[in-house]
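Heads up: the protein sequence lines correspond to chains V and E, in order.
Per my numbering, residue 9 is the first one in the first sequence, and the count goes up by one each step.
Per my numbering, residue 9 is the first one in the second sequence, and the count goes up by one each step.
Protein chains: 2
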Amino acid sequence: MTQTHKRRADARTNRDRILAVARDVLAIDPAASLHSIAKAAGVGQGTLYRHFPTRESLVLGIYRDSIDELVSLAPSLLDAFKPLEAFRRWSERFVDYGRKKHGVADMLRAAMTDQDFRETYWPMVDAVRLLMDACADAGEISKPIDAEDFLQLLALLTQLPPTAEGTARSERLLELAFHGLERSEDH
Amino acid sequence: MTQTHKRRADARTNRDRILAVARDVLAIDPAASLHSIAKAAGVGQGTLYRHFPTRESLVLGIYRDSIDELVSLAPSLLDAFKPLEAFRRWSERFVDYGRKKHGVADMLRAAMTDQDFRETYWPMVDAVRLLMDACADAGEISKPIDAEDFLQLLALLTQLPPTAEGTARSERLLELAFHGLERSEDH
DNA sequence: ACCTGAACACCGTTCAAGT
DNA sequence: ACCTGAACACCGTTCAAGT
Chain V
9 MTQTHKRRAD ARTNRDRILA VARDVLAIDP AASLHSIAKA AGVGQGTLYR
59 HFPTRESLVL GIYRDSIDEL VSLAPSLLDA FKPLEAFRRW SERFVDYGRK
109 KHGVADMLRA AMTDQDFRET YWPMVDAVRL LMDACADAGE ISKPIDAEDF
159 LQLLALLTQL PPTAEGTARS ERLLELAFHG LERSEDH
Chain E
9 MTQTHKRRAD ARTNRDRILA VARDVLAIDP AASLHSIAKA AGVGQGTLYR
59 HFPTRESLVL GIYRDSIDEL VSLAPSLLDA FKPLEAFRRW SERFVDYGRK
109 KHGVADMLRA AMTDQDFRET YWPMVDAVRL LMDACADAGE ISKPIDAEDF
159 LQLLALLTQL PPTAEGTARS ERLLELAFHG LERSEDH
């Protein structure tokens, strides 16, 4: 039993080191091979595979904490700002974050279909719905659209190149989307 | 000279056969390897590479005709419909086409940076600008946004999964974008 | 000129062998 | 239980050899 415990501790240490190393390596080269990550972490390829069977699951492991933060940011923003402003800030934060941290977009795409990812995906959809419903209740948007639709749009914007031009473009397109959400004046 | 001519004819035949085969193979498996395409076309890998140094350039070769059609469709639609309706129809056509024919999205991304692709990219930007300006002149949208921005948005929508759900989602998001473009009522 | 296809470096993935 | 790392099938790319 102590042996089992010891083994488990080893496994956990490995997992943590893989995550720490992968975060750094992928920050430098987003397309770094899983071989190179395993080597940099000082583990065999099989060990990396045991813990993270796909590249997406590795990225998910790296950014899970940040994603939780992002989700919990939604109610905080609603406390501090008017709903539409909160929604806008949250969306900007999301896209900014997603573009800087490579692989988040692919992870979101996987979340659409892969059962393992939905536990991370749903809270994000809920965050969007929370923000959008608040805007609707306050009368700041005409009618809320599907929360998944909007989250997917944010995920797509994340895929624009991380250049200055790409960043500016995603900001403008986000502006367009919000303009589309805003209440149309009934005349 | 006749020899040179004969050679050139061979090269052209090869090129055409590669394109015809690649079109079929990629329709069945969008991720088909270049090896398998070369083999299916009955040419060496080097020959495929000579004609199409990247996967994107191969996709571009396959769909260049269709892209030209799409570009020339813009003025035709403007003749037949009111500008906003024309713009909407063109956009739907674009997204529909891009999602069905895999690889078009990657090609468009390459077009953003790669010099070789810009000759195909610019006419599409021009088509978007033509449609959007017509809408603005007719007073159907408040003010035109950057044509490249909008084209990139269309390209992103193309990346949604080619399922019934993905198709419906891209339609709804396109609707959102157009709602954002439409003239805000000045009150 | 143009084509062929073996060869190269590399990728994700597996699995027998160790502890 | 968990880890290692050689091995496998495959990828895009190159290039000496042919015609």
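No residue lacks a Cβ here, since even glycine has one placed at the ideal position from N, Cα and C.
Task: Beta bridge counterpart(s) of Ile149 of chain E as assigned by DSSP - done: As a first step, residue 149 of chain E must be located in the second sequence, where it is residue number 141. Bridge partners of Ile149 of chain E: E:Glu190.
- [ ] Inspect the CB distances between the segment 73–86 of chain V and the segment 33–49 of chain V and report whether three or more fall short of 8 Å.
- [x] At 8 Å Cβ cutoff, the stretches do not touch.
Task: Where the segment 46–69 of chain E meets chain V: residues whose CB sits under 8 Å from a CB there - done: With the criterion set as a beta carbon lying under 8 Å from some beta carbon of chain V, the segment 46–69 of chain E has no members that meet it.
- [ ] Count the CB pairs spanning the segment 125–136 of chain E and the segment 68–79 of chain E that are closer than 8 Å, and state whether there are at least three.
- [x] At 8 Å Cβ cutoff, the stretches touch.
Open item on the list: Suppose you measure from the CA of Met9 of chain V to the CA of Ala17 of chain V; what does that come to, to the nearest Å?
Closed with: To locate residue 9 of chain V, count along the first sequence from 1; it is residue 1. To locate residue 17 of chain V, count along the first sequence from 1; it is residue 9. Unreliable positioning characterises Met9 of chain V in this predicted model, as indicated by a pLDDT of 40, which lies under 50. The coordinate reading is nonetheless provided below. Spanning the two alpha carbons is a distance of roughly 12 Å.
TODO: Could you please give the first and the last residue of the uninterrupted alpha helix (DSSP H) stretch that includes Pro83 of chain E?
DONE: Here residue 83 of chain E is taken as the residue at index 75 of the second sequence, counted from 1. For Pro83 of chain E, the enclosing alpha helix (DSSP H) starts and ends at 63–88.
- [ ] Go ahead and label Ser99 of chain V buried or exposed: buried means 16 or more other beta carbons lie within 10 angstroms of its beta carbon, across all protein chains shown.
- [x] Position 91 of the first sequence, counted from the first residue, corresponds to residue 99 of chain V. Looking at its Cβ environment, which holds 16 or more other Cβ atoms inside 10 Å, Ser99 of chain V is buried.
Task: Where Pro152 of chain V meets chain E, residues with beta-carbon distance less than 8 Å - done: Numbered from 1 along the first sequence, position 144 holds the residue referred to as residue 152 of chain V. Residues of chain E whose Cβ lies closer than 8 Å to the Cβ of Pro152 of chain V do not exist, since the nearest Cβ in that chain is about 11 Å away.
Task: chain E contact residues for Pro170 of chain V, given Cβ-Cβ distances below 7 Å - done: Here residue 170 of chain V refers to the residue found at position 162 when the first sequence is read from its first residue. Listed along chain E, no residue sits closer than 7 Å to Pro170 of chain V by beta-carbon distance, the nearest being about 12 Å off.
- [ ] Return the Cβ separation of Asp157 of chain E and Arg177 of chain V in integer angstroms, given the expectation that the two are a contact with Cβ distance under 8 Å.
- [x] Mapped onto the second sequence, residue 157 of chain E falls at position 149. Mapped onto the first sequence, residue 177 of chain V falls at position 169. Sure, about 6 Å apart at Cβ, within 8 Å.
Task: Whole-angstrom C-beta distance between Val112 of chain E and Val67 of chain E, which should lie under 8 Å - done: Taking the first residue of the second sequence as 1, we reach residue 67 of chain E at position 59. Taking the first residue of the second sequence as 1, we reach residue 112 of chain E at position 104. Rounded, the Cβ-Cβ distance is 7 Å, consistent with contact.
TODO: Kindly indicate which three-state DSSP category Leu168 of chain V falls into: helix, strand or coil?
DONE: Counted from its first residue, the first sequence places residue 168 of chain V at position 160. Note: Leu168 of chain V maps to coil in three-state DSSP.
TODO: Below 8 Å on the Cβ atoms is my guess for Arg107 of chain V versus Phe186 of chain V; work out the distance and round it to an integer in Å.
DONE: Position 99 of the first sequence, counted from the first residue, corresponds to residue 107 of chain V. Position 178 of the first sequence, counted from the first residue, corresponds to residue 186 of chain V. Not confirmed; about 18 Å, so no contact.
- [ ] Find out if the Cβ-Cβ distance for the pair Leu56 of chain V, Ala48 of chain V is shorter than 8 Å.
- [x] As a working mapping, residue 56 of chain V is identified with position 48 in the first sequence. As a working mapping, residue 48 of chain V is identified with position 40 in the first sequence. No, they are not a contact pair.
- [ ] Kindly list, in the order they appear in chain V, the residues whose Cβ is closer than 8 Å to that of Met120 of chain E.
- [x] Position 112 of the second sequence, counting from 1, holds the residue named residue 120 of chain E. Residues of chain V passing the Cβ test: Pro169.
TODO: Have a look at E:Ile153, E:Leu42, E:Lys109, E:Ser150 and flag the residue whose alpha-carbon is nearest the alpha-carbon of Asp73 of chain E.
DONE: Here residue 73 of chain E corresponds to residue number 65 of the second sequence, with the count starting at 1. Minimum Cα distance to Asp73 of chain E is reached at E:Lys109.
TODO: Determine the burial state of Thr121 of chain E: buried for a count of at least 16 other Cβ atoms within 10 Å of its Cβ, exposed for fewer.
DONE: For this step, residue 121 of chain E is matched to residue 113 along the second sequence. It counts as exposed.
Task: Neighbour flag for Asp104 of chain E against chain V, beta carbons, 8 Å - done: As a position in the second sequence, residue 104 of chain E is number 96, starting the count at 1. Answer no: the Cβ-Cβ gap between Asp104 of chain E and chain V never drops below 8 Å.
TODO: Could you tell me whether the Cβ of Asn22 of chain E comes closer than 8 Å to any Cβ of chain V?
DONE: Locating residue 22 of chain E in the second sequence gives position 14, where the first residue counts as 1. Proximity of Asn22 of chain E to chain V, defined by a Cβ-Cβ separation below 8 Å, is not satisfied.
Open item on the list: Suppose contacts are defined by Cβ-Cβ distances below 8 Å. Is Ala118 of chain V in contact with Glu173 of chain V by that definition?
Closed with: As a working note, residue 118 of chain V is residue 110 in the first sequence. As a working note, residue 173 of chain V is residue 165 in the first sequence. In this structure, Ala118 of chain V lies away from Glu173 of chain V, with their beta-carbon atoms at least 8 Å apart.
Task: Residues near Asp124 of chain E by beta carbon distance below 8 Å, same chain, minus five either side - done: On the second sequence, position 116 is the one that residue 124 of chain E refers to. Excluding sequence neighbours, Asp124 of chain E sits near Ser65.
- [ ] Could you check if Gly188 of chain E is buried or exposed, using at least 16 other CB atoms within 10 Å of its CB as the buried criterion?
- [x] Residue 188 of chain E sits at position 180 when you count from the first residue of the second sequence. With 16 or more other Cβ atoms within 10 Å, it is buried.
Open item on the list: Taking the alpha-carbon of Leu165 of chain E as reference, which of E:Glu179, E:Thr171, E:Ala155 has the nearest alpha-carbon?
Closed with: Taking the first residue of the second sequence as 1, we reach residue 165 of chain E at position 157. Of E:Glu179, E:Thr171, E:Ala155, the residue nearest in Cα terms is E:Glu179.
Open item on the list: Given this structure, state the Cα-to-Cα distance separating Asp104 of chain E from Cys143 of chain E, to the nearest angstrom.
Closed with: Walking along the second sequence from the start, residue 104 of chain E turns up at place 96. Walking along the second sequence from the start, residue 143 of chain E turns up at place 135. Going by the C-alpha atoms only, they are around 22 Å apart.
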